[in-house]
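Visitor: Can you read through this structure? Questions will come right after.
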Amino acid sequence: MLAWARLRLFVPEESEGSRADVLRLVSPWSEDRVTWSDQPGATGTPATAWSIQGYMQWTVTSQVLAMLAGSNHGGRGPSA
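The working numbering puts the first residue of the sequence shown at 577, with every later residue one more than the last.
Structure below.
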C-alpha cells in the first residue's frame with residue numbers, strides 16, 4: 577500500500593515564484609508526439625506549490641493513488 581508520494585524538481589533562478597501544478601491525465605499520450613497545443617486533458621485536484629530556486633518537493637499522494645485506482649495515463653506538471 578502506498579503511504580505517500582512526493583515529486584522533487586530543480587527550479588532555476590528565472591522560474592522562482594511560479595505556480596507549479598501537477599495533475600492526472602485522462603487519456604494516453606506519446607512523449608515523441610505530444611505538443612503543448614495538443615497535450616492530453618487533466619482531471620482531479622492539482623497538487624500545487626509555489627516554486628523556489630533550487631530543489632523543491634511537494635506531496636502528490638492523492639494524484640498517484642487516483643492513477644493506481646483507475647486508468648493510469650501519467651501526470652502533467654508542473655504548469656503555470
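All residues carry an ideal CB built from backbone N, CA and C; glycine is no exception.
1) Three-state secondary structure (DSSP) at L583?
2) Since G630 sits in a beta bridge, which residues does DSSP pair it with?
3) For R600 versus T621, is the C-beta distance shorter than 7 Å?
4) Can at least three beta-carbon pairs, one atom from the region 606-617 and one from the region 632-640, be found at a separation below 8 Å?
5) Less than 7 Å between the beta carbons of Q615 and E592, yes or no?
Guide: Answer, in terms of the structure:
1) strand
2) V587
3) no
4) no
5) no
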